[in-house]
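*Asks:* This is the structure I have questions about; it appears just below.
Number of protein chains: 2
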Amino acid sequence: MLKTTFKPYYAVIFTSKKKKTDPTYVSMAEAMIELAKKQPGFIDIESAEDEIGITVSYWESLDAIAAWKGNSMHQIAQEMGKNDWYKYYKVKVARIEREYSFEA
Amino acid sequence: MLKTTFKPYYAVIFTSKKKKTDPTYVSMAEAMIELAKKQPGFIDIESAEDEIGITVSYWESLDAIAAWKGNSMHQIAQEMGKNDWYKYYKVKVARIEREYSFEA
Chain A
2 MLKTTFKPYY AVIFTSKKKK TDPTYVSMAE AMIELAKKQP GFIDIESAED
52 EIGITVSYWE SLDAIAAWKG NSMHQIAQEM GKNDWYKYYK VKVARIEREY
102 SFEA
Chain L
2 MLKTTFKPYY AVIFTSKKKK TDPTYVSMAE AMIELAKKQP GFIDIESAED
52 EIGITVSYWE SLDAIAAWKG NSMHQIAQEM GKNDWYKYYK VKVARIEREY
102 SFEA
């Protein structure tokens, strides 16, 4: 049987609930997405929000994730998130093992 | 150093874009969430939607995920999804390796 090779990569699943809508949050969130895209090992980011927010970012390695977590601008945003924006958030680091897709 | 034990578990990251809002979709989506919750090995499910939809379900094992994918009611919903609802969807199966959270 022909088996396609699949190179595992990593996801950060960030689920959150915000205290209130804050214009500073919106511009900071956009800035962080742009900054994330410039990091080594960044692959993609997807985000949706209604009652809760879910953002999933994809990375080539755990080292790339650790470097992004430690980025100094990102750390400032993380502090603002804790102090001002989030009622709660949950972060899960996961290894993508398999994927498939459908397009109409 | 004290190290807490962490039992790995699995996530299905489902990202999608719908063709249009369809009342049948809404009730089927709710029914599928209720049905998923009753499956062996189900842990949790989180969902958010704006321009795209992101649903992440969490499971105890890959076997539990495979069983849910093969569930006959779920298979009917999957077919309706392909035929009627989704412009595209992407499914990623991932192993959660680490997690942390914050609560204000």
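If you're matching them up, the sequences are chains A and L in order. For the working numbering, add 1 to where a residue sits in the first sequence, where the first one is 1. For the working numbering, add 1 to where a residue sits in the second sequence, where the first one is 1. Cβ atoms here follow ideal geometry from the backbone N, Cα and C, with glycine treated the same way. Just so you know, these numbers come straight off a predicted model, no measurement behind them.
1. Under 7 Å Cβ-Cβ, which residues of chain L neighbour Tyr90/A?
2. Give me the chain L residues within the contact set of Asp51/A, using Cβ-Cβ distance strictly less than 7 Å, ordered along the chain.
3. Which bits of chain L does Glu98/A rub up against, with CB to CB less than 9 Å?
4. Can you name the residues that DSSP bridges to Phe15/L?
5. Taking Ile55/L as the query, report the chain A residues whose CB atoms sit under 7 Å from its CB, ordered along the chain.
6. Starting from Glu35/A, follow the alpha helix (DSSP H) in both directions and report where the run begins and ends.
7. Can you find a CB in chain A that lies within less than 7 Å of the CB of Phe83/L?
8. Could you give the C-beta distance for Ile53/L and Ala49/A, rounded to a whole number, given that I count them as a contact under 8 Å?
9. Quick one: list the residues of chain L neighbouring Thr16/A, beta-carbon separation under 7 Å, in chain order.
10. Give the interface partners of Tyr26/L over in chain A, defined as CB-CB distance under 9 Å, in chain order.
11. Thinking just about the alpha-carbon of each residue, which of Met74/L, Pro41/L, Ala37/L is nearest to the one in Val57/L?
12. DSSP on Ser73/L, reduced to helix/strand/coil?
13. Between which residues of its own chain and Lys93/A is the CB-CB distance below 7 Å, once the five residues before and five after are set aside?
14. Using the C-alpha atoms, what's the distance from Ala12/L back to Ala95/L?
*Replies:* According to the structure shown:
1. By Cβ distance, chain L contributes Ser102, Phe103.
2. Under the 7 Å cutoff, chain L gives Ala49, Glu50, Asp51.
3. Under the 9 Å cutoff, chain L gives Tyr11, Leu63, Lys93, Val94, Ala95, Arg96.
4. Looking at the DSSP output, Phe15/L bridges to Thr56/L, Val92/L.
5. What Ile55/L touches in chain A: Glu47, Ala49, Ile55, Val57.
6. Segment 24-38, the alpha helix (DSSP H) holding Glu35/A.
7. Per the sequence shown, the amino acid found at residue 83/L is Lys instead of Phe. Taking CB atoms only, Lys83/L has a neighbour in chain A less than 7 Å away.
8. The Cβ separation is near 5 Å, so the contact holds.
9. Contacts between Thr16/A and chain L, judged by CB atoms closer than 7 Å, involve Glu47 in chain order.
10. Neighbours of Tyr26/L in chain A, taken as residues at a C-beta separation under 9 Å, are lacking, since the least C-beta distance is about 14 Å.
11. With distances taken between CA atoms, Val57/L lies nearest to Ala37/L out of Met74/L, Pro41/L, Ala37/L.
12. Helix at Ser73/L.
13. These residues qualify, in order along the chain: Ile14.
14. Rounded to whole angstroms, Ala95/L to Ala12/L spans 5 Å at the Cα level.
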